[in-house]
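Residue numbers (my numbering): 1 to 419.
And the structure:
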């Protein structure tokens, strides 16, 4: 066995450039596969986290501007959502709407406790807000139905806001009262996660904020959780019916998609699932073809090796060497080159994915309405990396088998005549 390794070493040493180029093709193939898988996983993991943190059967409605004239009114009108739209959502769609909610916002309010204060936005919400947004309680409770009905002056603060207001005095926030724009609110809860806006808003009962800050019957957006909408077609049909109802309230063309903007998370989820499947397939197709280029390189170098060593193999056979020993020599050389450079490519690929994770592992996009994680944990399971490398080694072995069989089939007299 030691003699075989000596021969392989001497062969590689005599053909350094050729061996390096072939090995580079192998290393590059496994490297690119792992990097592509890592980048793809970064997108897929971000999507999966976003999906897991929100109710996928939810729809948000935002106001817009008309782009079509309708019922004697010109285009370019601002459509402002109001309480009638909230009532219509619950009244006209009992078969599809589980629960409706809404938000209304008051910006730039100073919230103080003693000498400490912060400037933030107050958002009036319904109890179902936590079901559709990334708002998780850290302590206390959230807004409830009694708060809504009685227009209670209660407030839910972000954890960072509570730290600014209460940490210096070592005061327990829950139960304390804070001053917000000369209105006193009792702190009933602390939440720990950002909402879609990416801001540390304080939450009030929807009806309380709408009354205290003279918002009339206007609201910023509507939100609902849905049922019996299991595919894209049924969701699109629901959206069309919903546009007709809201269009009747505000006298705009129900086919005018710009009048109100509907963000249907379930439809987006189905579309993203399809896109995720296509992304996975594309990554594997590209990666496999890249690996094939390395395998072809191994096969080519083995063919060249056999051709260059034809006379040597003929002499070996004439001296009594068994065909199996020649076959074994060529296969071991193929496996050695594939294993060494495959391992190098795997380590380099894992290193790059770890660098991507440290540098770009939690990228978010903020479009002004909500923020979304778009790239998260772009790493590859070590088992997949090892499996891909082992697959490449096996394929490299099979690639070396063809020229090895050719070497074995050469008759000694023909080998001795070879140039």
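Beta carbons: idealized from backbone N, C-alpha and C, even for Gly.
Separation of residue j from residue i, as counted between CA atoms
| i | j | result |
| --- | --- | --- |
| residue 116 | residue 139 | 21 Å |
| residue 204 | residue 123 | 6 Å |
| residue 169 | residue 112 | 13 Å |
| residue 245 | residue 232 | 20 Å |
| residue 75 | residue 67 | 5 Å |
| residue 25 | residue 317 | 33 Å |
| residue 395 | residue 295 | 7 Å |
| residue 336 | residue 397 | 9 Å |
| residue 310 | residue 357 | 50 Å |
| residue 399 | residue 264 | 51 Å |
| residue 145 | residue 130 | 13 Å |
| residue 77 | residue 261 | 14 Å |
| residue 29 | residue 289 | 8 Å |
| residue 196 | residue 63 | Residue placement at residue 196 is poorly supported in this model, since its pLDDT is 44, which falls under 50; the coordinates are not used for a value here. |
| residue 314 | residue 382 | 45 Å |
| residue 120 | residue 39 | 36 Å |
| residue 187 | residue 166 | 11 Å |
| residue 106 | residue 133 | 19 Å |
| residue 110 | residue 174 | 19 Å |
| residue 56 | residue 150 | 31 Å |
| residue 259 | residue 253 | 8 Å |
| residue 281 | residue 384 | 15 Å |
| residue 255 | residue 391 | 54 Å |
| residue 338 | residue 17 | 15 Å |
| residue 410 | residue 389 | 33 Å |
| residue 84 | residue 65 | 18 Å |
| residue 368 | residue 58 | Caution is warranted here: a pLDDT of 48 is assigned to residue 368, below 50, making its placement in the model unreliable, and no coordinate value can be reported. |
| residue 143 | residue 128 | 9 Å |
| residue 277 | residue 269 | 12 Å |
Backbone secondary structure at residue i - three-state DSSP
| i | result |
| --- | --- |
| residue 81 | coil |
| residue 222 | strand |
| residue 313 | helix |
| residue 229 | coil |
| residue 358 | helix |
| residue 486 | Past the edges of the chain, shown from 1 to 419, lies residue 486, and the structure says nothing about it. |
| residue 99 | strand |
| residue 94 | coil |
| residue 213 | coil |
| residue 184 | strand |
| residue 138 | strand |
| residue 179 | strand |
| residue 292 | helix |
Close-in-space but distant-in-sequence residues of the same chain around residue i (CB under 8 Å, 5 per side omitted)
| i | result |
| --- | --- |
| residue 183 | 153, 212 |
| residue 405 | 327 |
| residue 161 | 111, 118, 120, 200, 202 |
| residue 380 | 34, 37, 38, 41, 349, 350, 353 |
7 Å CB neighbourhood of residue i in its chain, flanking five on each side removed
| i | result |
| --- | --- |
| residue 251 | 70, 71, 73 |
| residue 375 | 42, 43, 46, 360, 363 |
| residue 344 | 27 |
| residue 89 | 97, 100, 222, 224 |
| residue 192 | 136, 138, 159 |
| residue 228 | 95, 96 |
| residue 286 | 36 |
| residue 401 | 331 |
| residue 114 | 169 |
| residue 32 | 287, 290 |
| residue 293 | 25, 29 |
| residue 239 | 262, 264 |
Per DSSP, cross-strand counterpart(s) of residue i
| i | result |
| --- | --- |
| residue 105 | 123 |
| residue 156 | 189, 203 |
| residue 117 | 112 |
| residue 60 | 223, 263 |
| residue 73 | 70 |
| residue 324 | Paired residues: none, contrary to the question. |
| residue 376 | 362 |
Contacts around residue i, its chain only, beta-carbon distance under 6 Å, and the 5 residues preceding and following it disregarded
| i | result |
| --- | --- |
| residue 35 | 349, 352 |
| residue 103 | 123, 125, 220, 221 |
| residue 340 | none |
| residue 19 | 12 |
| residue 181 | 109 |
| query | If you scan the stretch 3 to 48 from start to end, which runs of the beta strand (DSSP E) of 3 or more residues do you find wholly inside it? | reply | none
| request: Write down every uninterrupted run of the beta strand (DSSP E) in the stretch 254 to 285 whose length is 3 residues or greater and which is fully enclosed by it, in chain order. | output: 260 to 264
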